[in-house]
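Residue numbers for the sequence shown follow full-length UniProt numbering, beginning at 1 and rising by one. All C-beta atoms in this analysis are idealised placements derived from N, C-alpha and C, irrespective of residue type, glycine included. Please read the structure below before turning to the comments.
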Amino acid sequence: MRLRMLIVVAFIMLAGTALAENADIGDVEAFRQALEQDGFTVQEGDLGFFDLIKLYDLGVLPSAYGNNPSTRYLAYFVPPAPGYQVDERVSQIAGLLGKSLNSAAIWKIRPDEAVVFVGRTPPECRYFSYDHYLLSRTYGNETRWLFANLADTVNNLVVRTEGTPDWQSGDPYNQTTVVVTTADKGIDQRIRAAAQSVGYSDDIINTQVLPSSMLNMGLEDDSDSFAIFIRPALYNDKQAGDGYLNNTPATVFRVTPNESAELDPYDYPELRVRGTGTTEFDLIDDLEELRIAILDKYSGLNATELPTSMAVPVGSDAIQRGIDAVGPDNDACYLWSADQTVSSKTPPFPDLSQYYGFLRDPEVTLGNDANEFIIVYGVNHVATGKATYSNFVPYGADAWNGVTAITDADFTGSADEYLPDDPNAKYLYVYKLSRSCEGEPYCYEVPYGVGGYGIDLDQPLFIAWRIYLEESTKTGPSYTEIVYDRAVKFE
């Protein structure tokens, strides 16, 4: 009898938990039915971690495409339009990532369709965003990989949620929201009306515009392809972040009208403007003192000072030039230890080892000798107020595989040793990359012999920096207002 009662109680608790979870994101099934009653075909998709290193190690992708280890991207896995099938290679990727073979992280869309996210935002973290990308475009008989962002993100400072309704200040984390991605005003309005009819407030609905004036939308072989990623970075509670990643309390709908109507496309959305007029350049003298202190400390070794430049173009530049942008985001600045910015025209799923020879000029490797290491240093952009978070990542130059992210939380205070009497040392940082740190603080041991999760001893590498989200502008900092980070190879 007691066992039976325990089973009943457990069932009630589980049922209650499930109901609570459903309540957390609203009545999704009622939303779906409301859309269908309004004349839409609604197909449910999924969300999941788009694990670039895993796909590279499995041999499915020839590159990790500059993965950001601070941000395990969640991709929208979207079903094909009614009557269409998922591309075989894209279907294979979905299957290897544990998703339905009838869904795709790379998809085509008509100008009168929409993709809708309904669910919870990420738990508290330094940054998150929903960002939409133009993945590929056909030029005559040639299809190119563009991986270019289309406009601004919906990020944690601008998202409309139950905790931040109608852009009010509040708590945007772990809150119910709806994000409608579409090119058409009429479709957006109908989806909003359906959502409101089942209890979703219009104050929590966001529109992410697909700017059809610059796109080749449609379902044909030569139509553009797209992707949407959620980028949560640096969770306050890692366990909560892992839970969100592994069991995202949300769903994705592909919404297709059953009958065609006159299109009413959105204009290109107004962009948030980078820059405040305040720069970091007053720290250049301090940075030069730090440089001299680093070179003096290791004066018995040969030093090669690596170049630094803007790493990737903005999405609109790449789209107009037909080049591979390698997945930028309007909320960030991107730098790397090279003297040029990416500008190549590449095919879909490019092997990036065949491009950008300047990443090997000079060729930088990292052996396992104790006197061979890289010092990364610069301005702590979070300390200056130019960023919400920043990081740097060592990458293999062949696979573009990022093996770890060293963030501002890791290097804050690291310049004090070098500039003990400089009050501006708190705005600077120094960090070592080595094969053997031997307990040294502010040092990371770069792994090798572990496939894409490491960089082998003879493999060329580069350093890349990300500087994310200036709070006052709600977008990325301006390149004209930041001091570029630096790196030195010692041996």
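Practice task
Reducing DSSP to helix, strand and coil, say where K386 ends up.
Solution key: Translated into positions along the sequence shown, residue 386 becomes position 386. In this structure, K386 counts as coil in the three-state DSSP scheme.
Handout entry: Rounded separation between D112 and D87 - CA only
Key = As a working note, residue 112 is residue 112 in the sequence shown. As a working note, residue 87 is residue 87 in the sequence shown. D112 and D87 have their C-alpha atoms some 21 angstroms from each other.
Practice task
Could you name the residues of the same chain whose beta carbon sits closer than 7 angstroms to that of A425, not counting the 5 residues immediately before and after it, in chain order?
Solution key: To locate residue 425, count along the sequence shown from 1; it is residue 425. Correct list, in chain order: A415, D416, L419.
Handout entry: Beta-carbon spacing of T164, D188 below 7 angstroms
Key = Taking the first residue of the sequence shown as 1, we reach residue 164 at position 164. Taking the first residue of the sequence shown as 1, we reach residue 188 at position 188. Not closer than 7 angstroms, so no.
Practice task
Answer yes or no: the CB of N174 versus the heavy atoms of the ligand ZN, is any distance below 6 angstroms?
Solution key: Ligands are entirely absent from the displayed structure, and the ligand ZN is therefore not among its contents.
Practice task
Give me whichever residues DSSP pairs with I467 in a beta bridge.
Solution key: Numbered from its first residue, the sequence shown carries residue 467 at position 467. Residue pairing from DSSP places I467 in a beta bridge opposite C333, S390.
Handout entry: Proximity of L52 and A64 at Cβ, strictly below 7 angstroms
Key = To locate residue 52, count along the sequence shown from 1; it is residue 52. To locate residue 64, count along the sequence shown from 1; it is residue 64. The answer is yes: Cβ separation under 7 angstroms.
Problem - Inside the region 350-415 only - beta strand (DSSP E) runs reaching at least 3 residues - result: 373-379, 389-396
Handout entry: Any chain D beta carbon closer than 7 angstroms to I292
Key = As a matter of chain content, chain D is missing from the structure shown, which is built from one protein chain.
Handout entry: Three-way DSSP call (helix, strand, coil) for G315 in this model
Key = Here residue 315 refers to the residue found at position 315 of the sequence shown. In this structure, G315 counts as helix in the three-state DSSP scheme.
Exercise for the section: Please determine if the region 339-351 and the region 366-381 are in contact, where contact requires at least 3 C-beta pairs separated by less than 8 angstroms. Expected result: no
Practice task
Would you list the one or two residues that DSSP bridges to P265?
Solution key: As a working note, residue 265 is residue 265 in the sequence shown. Beta-bridge pairing links P265 to D184.
Handout entry: Beta-carbon contacts of D351 that lie in its chain and below 7 angstroms, excluding the five residues immediately before and after
Key = Here residue 351 is taken as the residue at index 351 of the sequence shown, counted from 1. Excluding residues within five positions, the ones whose Cβ falls inside 7 angstroms are P62, S63.
Handout entry: Where G451 falls: helix, strand or coil (DSSP)
Key = Here the question's residue 451 lines up with position 451 in the sequence shown. Helix.
Exercise for the section: Note the first and the last residue of the continuous beta strand (DSSP E) segment covering K99. Expected result: If you number the sequence shown from 1, residue 99 lands on position 99. First-last for K99: undefined, no H or E at that position.
Practice task
Give me the Cα-Cα distance between D264 and A338, rounded to the nearest whole angstrom.
Solution key: Here residue 264 corresponds to residue number 264 of the sequence shown, with the count starting at 1. Here residue 338 corresponds to residue number 338 of the sequence shown, with the count starting at 1. Taking the straight line joining both Cα atoms gives about 44 angstroms.
Handout entry: Other residues of its chain near D203: CB distance less than 7 angstroms, five sequence neighbours each side excluded
Key = Your numbering for residue 203 matches position 203 in the sequence shown. R160, P165, D166, listed in sequence order.
Problem - Backbone secondary structure at Y298 - three-state DSSP - result: Sequence index remark: in the sequence shown, residue 298 carries index 298 (1-based). Note: Y298 maps to coil in three-state DSSP.
Exercise for the section: Evaluate the contact criterion for the region 271-287 versus the region 299-313: three or more CB pairs, one atom per stretch, below 8 angstroms. Expected result: no
Practice task
Let me know the alpha helix (DSSP H) ranges lying completely inside the region 118-154, each 4 residues or longer, listed in chain order.
Solution key: none
Problem - Whole-angstrom C-beta distance between I463 and P394, which should lie under 8 angstroms - result: Within the sequence shown, the letter at position 394 stands for residue 394. Within the sequence shown, the letter at position 463 stands for residue 463. Right, their Cβ atoms sit about 6 angstroms apart.
Exercise for the section: To the nearest angstrom, report how far apart D422 and K489 are at their CA atoms. Expected result: Start at 1 with the first residue of the sequence shown, and residue 422 comes out as number 422. Start at 1 with the first residue of the sequence shown, and residue 489 comes out as number 489. When rounded, the distance between both Cα atoms is 25 angstroms.
Problem - The beta strand (DSSP E) enclosing Y173, as first and last residue numbers - result: In the sequence shown, counting from the first residue as 1, residue 173 sits at position 173. Here Y173 belongs to no beta strand (DSSP E), and DSSP marks it neither H nor E.
Practice task
Provide the residue(s) that pair with V252 in DSSP beta bridges, ordered along the chain.
Solution key: By one-based count along the sequence shown, residue 252 stands at place 252. Per DSSP, F117.
Exercise for the section: Could you say which of I467, Q354, L150 lies nearest to R126 if we only look at CA atoms? Expected result: Position 126 of the sequence shown, counting from 1, holds the residue named residue 126. Nearest C-alpha to R126: I467.
Problem - Beta-carbon proximity list for P460, same chain, < 8 angstroms, skipping 5 on both sides - result: The residue you call residue 460 lines up with position 460 of the sequence shown. These residues qualify, in order along the chain: L359, R360, E363, V364, T365, G396, A397, D398.
Handout entry: Coil, strand or helix - K426 by DSSP
Key = Mapped onto the sequence shown, residue 426 falls at position 426. Here K426 sits in helix by DSSP.
Exercise for the section: Excluding the 5 residues preceding and the 5 following A15 in the sequence, name in chain order all residues of the same chain whose CB lies nearer than 7 angstroms to its CB. Expected result: The sequence position of residue 15 within the sequence shown is 15, counting from 1. Caution applies to A15, whose pLDDT of 36 falls short of 50 and renders its modelled position unreliable; the model cannot decide the point.
Practice task
Using three-state DSSP, classify S229 as helix, strand or coil.
Solution key: Taking the first residue of the sequence shown as position 1, residue 229 is located at position 229. Looking at the sequence itself, residue 229 is Phe, so the reference to Ser does not match. The three-state secondary structure of F229, taken from DSSP, is strand.
Practice task
Report the three-state DSSP secondary structure of M214 (helix, strand or coil).
Solution key: Your numbering for residue 214 matches position 214 in the sequence shown. It is helical.
Practice task
Output the boundary residues of the alpha helix (DSSP H) element that contains K489.
Solution key: For the purposes of this step, residue 489 is taken as the residue at position 489 of the sequence shown. Unbroken run through K489 is the beta strand (DSSP E), 486-490; no alpha helix (DSSP H).
Exercise for the section: Tell me, please, which residues DSSP counts as bridged to S44. Expected result: Position 44 of the sequence shown holds residue 44. Note that residue 44 is Glu in the sequence shown here, rather than Ser. Its beta-bridge partners are F253.
Practice task
Please determine, among A250, D152, I482, I455, the residue with the shortest C-alpha to C-alpha distance to T475.
Solution key: For this step, residue 475 is matched to residue 475 along the sequence shown. Measuring from the Cα of T475, the nearest candidate turns out to be D152.
Problem - Short Cβ contact (7 angstroms threshold) for V326 with V312 - result: What you label residue 326 is simply residue 326 of the sequence shown in a count that begins at 1. What you label residue 312 is simply residue 312 of the sequence shown in a count that begins at 1. Going by C-beta atoms, V326 is nearer than 7 angstroms to V312.
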